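Position 73, counted from 1, in the sequence shown is what the numbering used here calls 534; the numbers after and before it change by one each time, with no gaps. All residues carry an ideal CB built from backbone N, CA and C; glycine is no exception. As the structure is a computational prediction, the values presented were derived from the model and not from experiment. For reference, the structure discussed in these notes is given below.
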Amino acid sequence: MASKDIDYNVLFIVAGWIEAVAYGFLFCIYCITLYFTFGGARRSHDSHSKILLGISTSMFLIATVHACLGCYRLVAAYVFNGTNPRGGPAGYLGNLGHWDAIFYETLYSTQEILGGAAAIYRTWVLWNKQFKIVALPIVLLILTIIFGYWTDALFTKPGTLEGNLHDLLQLDAWIRTFYAVAVVQNILTTSLMIYAIYRNYRNTVGAKVRSFGGIRMTWLMRTMIEAAALQLLIELLLLILFLIGTNVQYIFLDAVVPVIGITFNAMTISYRMRLLTERHGDSMWSFKGAQQSSTQLPSRSERSQATRVGVDVDVIELSGTSSVYRTGKGKDESFGEV
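In structure tokens, the structure reads:
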């Protein structure tokens with residue numbers, strides 16, 4: 462064991478505990494997602510809500526199976542293989558050729574791929590459904606699928622252990638490439654989303670436009686940056702630790718699955734809250750308009766201000782280098798659905 466490594470018997474326990482904590486957060490945030498989707502007047506039947514809920518549910522189910530399988534592996538290792546002469550608990554958990562280990566890693570790859578696809582979908586909608594914007598991320602996603610599942614297939618080879626991954630040159634190269642491609646894709650999609658939101662925020666501030674319900678675009682931007690940065694941070698950390706060659710990476714590896722679910726569920730909640738505030742804003746302006754019509758006609762400046770406020774920050778389309786402002790209800794089907 463190298464000096465930069467820690468005892469595998471301790472390592473796997475800590476990794477399981479961290480995943481359990483992350484899954485607890487995911488469970489809570491998924492319940493909030495369901496509340497904002499089905500709770501009373503919050504119910505919505507638009508296509509994007511269904512897509513977001515479907516992706517969120519899929520990620521939650523994958524994380525649930527991954528966490529349950531992790532518990533099974535810990536029990537099998539420390540209870541039934543505690544006195545195993547072939548390395549004890551660490552020997553069992555470190556053998557990547559077991560069916561549960563292969564299934565465990567396949568769930569990880571699937572969650573990574575689903576998270577990448579969800580990020581591409583968000584970027585595609587945010588950029589007014591322009592395929593040229595997401596062309597490169599789609600290529601990277603295809604590479605992630607190839608390298609991810611082929612790496613899982615290589616685990617079936619006899620003698621594949623956690624402790625000798627760097628001695629298996631082919632497997633080591635595929636894992637490095639898988640990590641690198643996933644990180645590059647995450648950086649690209651996150652940057653595209655942040656730029657789109659910042660550009661729209663800059664344009665709306667210049668036009669003196671506010672969003673409904675008092676939730677400003679800076680809040681949404683901060684939510685997107687923090688949520689996406691969480692997934693990106695842990696993936697960067699994994700890549701660095703793997704390149705260094707330390708087994709500390711396994712402490713954070715299992716947490717990636719629930720973290721990806723947390724990231725997307727946070728985005729789903731943000732979208733649902735935005736819909737609610739827009740509806741509330743429409744109701745408030747209708748009520749104020751009825752009051753004004755019963756007393757006196759609004760002045761020209763008041764009508765202008767009402768029109769500006771009625772333009773939601775999420776209805777600005779990115780088409781080329783220009784932004785198109787839409788008035789009315791402040792709703793655009795090609796933007797602001799994520």
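Between the stretch 542–556 and the stretch 603–611 there are fewer than three C-beta pairs closer than 8 angstroms, too few to call the two in contact. A direct Cα-Cα distance of roughly 35 angstroms separates F703 from I493. Looking only at Y469, F521, V475, I474, the smallest Cα-Cα distance to F486 is reached by F521.
Given a length threshold of 4 residues, each whole run of the alpha helix (DSSP H) inside the stretch 542–583 is given here in chain order: 549–554. Counting other Cβ atoms within 10 Å of its Cβ, I636 reaches 16 or more and is therefore classed as buried. In this structure, DSSP gives W585 a helical state, which the three-state scheme calls helix.
A straight-line Cα-Cα distance of about 14 angstroms links F592 and M654. Distance from the Cα of I474 is smallest, within the candidate group G555, I516, F488, for G555.
Closest in C-alpha terms to T617, from the list V586, L557, I581, W588, comes L557. In the structure shown, K511 adopts helical secondary structure according to DSSP, grouped into three states. Look at G500 here: in three-state DSSP terms it is coil, with no helix or strand label. Residues of the same chain with a CB within less than 7 angstroms of the CB of I712, apart from the 5 flanking positions on each side, are L472, V475, A476, I479 in chain order. Residue state for N664 is assigned as helix, using DSSP reduced to three classes.
For T707, the three-state secondary structure derived from DSSP is coil.
DSSP places I467 outside any alpha helix (DSSP H), giving it a letter other than H or E.
For L604, the CB contacts under 7 angstroms within the same chain, skipping 5 residues up- and downstream, are V642 in chain order. In this structure, DSSP gives V600 a helical state, which the three-state scheme calls helix.
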